[in-house]
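**Student:** First the structure, then my questions, so here it is.
In this note's numbering, the protein residues as written are -18 to 190.
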């Protein structure tokens, strides 16, 4: 990666988790004082209050060690990031966690595969669930990809619909499609999509994604 000296810039990370990637970036930048002096802001797109607290604990000492110290900001949505600045965007294992649509062909017809509730929920539970779903989905677009949905448990392939919350669910990302979408949207800044694949083949579930 090449930085232009004497150019103030910001760093933006999607889904920073516990702040591991940003901390590694800050440590690397600290080795180049001229570059470090131009870093003005670290923007983190994170909606979890718990993770925000962890990120603050992890990253604040590293930011304070840089002179002048960059400011850290948290955002819930991408459109909250200031425009018109030199910005470097990072996303590690982020896009493979976005929602996808999955389909199965039965008797010559395609049907969407989804999780449903077998028993009738109480009225209050249904309303609470609906309100949470509307809140979470109101500004979160679903990215549909031609990819395989996978789940891993104990480092082995696992049925994505079994043991909810106990397996790591992921989807292969079409980065060519993602790049063309970014270019079509004319989004400023440079995108460095850092992704990591586990290529053990596709699960033999009989599904086509």
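Cβ atoms here follow ideal geometry from the backbone N, Cα and C, with glycine treated the same way.
Among 28, 55 and 20, which has the Cα closest to the Cα of residue 67?
**Tutor:** In the chain shown, the residue the question calls residue 67 occupies position 86. Nearest option by C-alpha distance: 20.
**Student:** Does DSSP put residue 86 in a helix, a strand or coil?
**Tutor:** Counting from one through the chain shown, the residue named residue 86 turns up at place 105. Of the three classes helix, strand and coil, the one that applies to residue 86 here is strand, per DSSP.
**Student:** Specify, as a first and last residue, the run of the beta strand (DSSP E) that residue -9 falls within.
**Tutor:** Stepping through the chain shown from its first residue, residue -9 is reached at position 10. That run of the beta strand (DSSP E) goes -10 to -5.
**Student:** Taking three-plus beta-carbon pairs below 8 Å as touching, is the stretch 27 to 41 in contact with the stretch 1 to 15?
**Tutor:** When Cβ pairs closer than 8 Å are counted between the two stretches, the stretch 27 to 41 is seen to touch the stretch 1 to 15, the count reaching three or more.
**Student:** Return the CA-CA distance between residue 55 and residue 86, expressed in angstroms with no decimal places.
**Tutor:** Taking the first residue of the chain shown as position 1, residue 55 is located at position 74. Taking the first residue of the chain shown as position 1, residue 86 is located at position 105. Near 43 Å, if we compare the C-alpha coordinates of residue 86 and residue 55.
**Student:** Out of 145, 136 and -1, state which residue places its alpha-carbon closest to the alpha-carbon of residue 30.
**Tutor:** For the purposes of this step, residue 30 is identified with residue 49 of the chain shown, where counting begins at 1. When each option's Cα is compared against that of residue 30, the closest is -1.
**Student:** Name the one or two DSSP bridge partners that residue 152 has.
**Tutor:** Numbered from 1 along the chain shown, position 171 holds the residue referred to as residue 152. Beta-bridge pairing links residue 152 to 130.
**Student:** Since residue 152 and residue 130 should fall inside the 8 Å C-beta cutoff, what is the C-beta to C-beta distance between them, to a whole number of angstroms?
**Tutor:** By one-based count along the chain shown, residue 152 stands at place 171. By one-based count along the chain shown, residue 130 stands at place 149. The Cβ separation is near 5 Å, so the contact holds.
**Student:** Is residue 65 buried or exposed, if buried means 16 or more other CB atoms sit within 10 Å of its CB?
**Tutor:** As a first step, residue 65 is located in the chain shown; it is residue number 84 there, counting from the start. Residue 65 comes out exposed.
**Student:** May I have the straight-line CA-CA distance separating residue 84 from residue 95, to the nearest angstrom?
**Tutor:** Stepping through the chain shown from its first residue, residue 84 is reached at position 103. Stepping through the chain shown from its first residue, residue 95 is reached at position 114. Looking at the two C-alpha atoms, the distance is approximately 9 Å.
**Student:** Kindly indicate which residue of 73, 72 and 93 has the alpha-carbon position closest to the one of residue 82.
**Tutor:** Walking along the chain shown from the start, residue 82 turns up at place 101. Of the candidates 73, 72 and 93, the one whose C-alpha sits nearest the C-alpha of residue 82 is 93.
**Student:** For residue 10, which residues from the same chain have a beta carbon less than 8 Å from its beta carbon, with the 5 sequence-adjacent residues on both sides left out?
**Tutor:** The residue you call residue 10 lines up with position 29 of the chain shown. 16, 17, 20 and 47.
**Student:** Tell me where the alpha helix (DSSP H) around residue 21 begins and ends.
**Tutor:** On the chain shown, position 40 is the one that residue 21 refers to. Taken as a continuous stretch (DSSP letters only), residue 21 belongs to no alpha helix (DSSP H), being part of the beta strand (DSSP E) at 20 to 26.
**Student:** I believe residue 25 touches residue 44 by the beta-carbon criterion, under 8 Å. Please report the beta-carbon distance rounded to the nearest angstrom.
**Tutor:** Indexing the chain shown from 1 puts residue 25 at position 44. Indexing the chain shown from 1 puts residue 44 at position 63. Actually they are not in contact, since the Cβ atoms of residue 25 and residue 44 sit about 11 Å apart, beyond 8 Å.
**Student:** Note down, in chain order, each residue of its chain lying with its Cβ closer than 8 Å to the Cβ of residue -3, except the 5 sequence neighbours on either side.
**Tutor:** In the chain shown, the residue the question calls residue -3 occupies position 16. 3, 25, 26, 27, 32 and 36, listed in sequence order.
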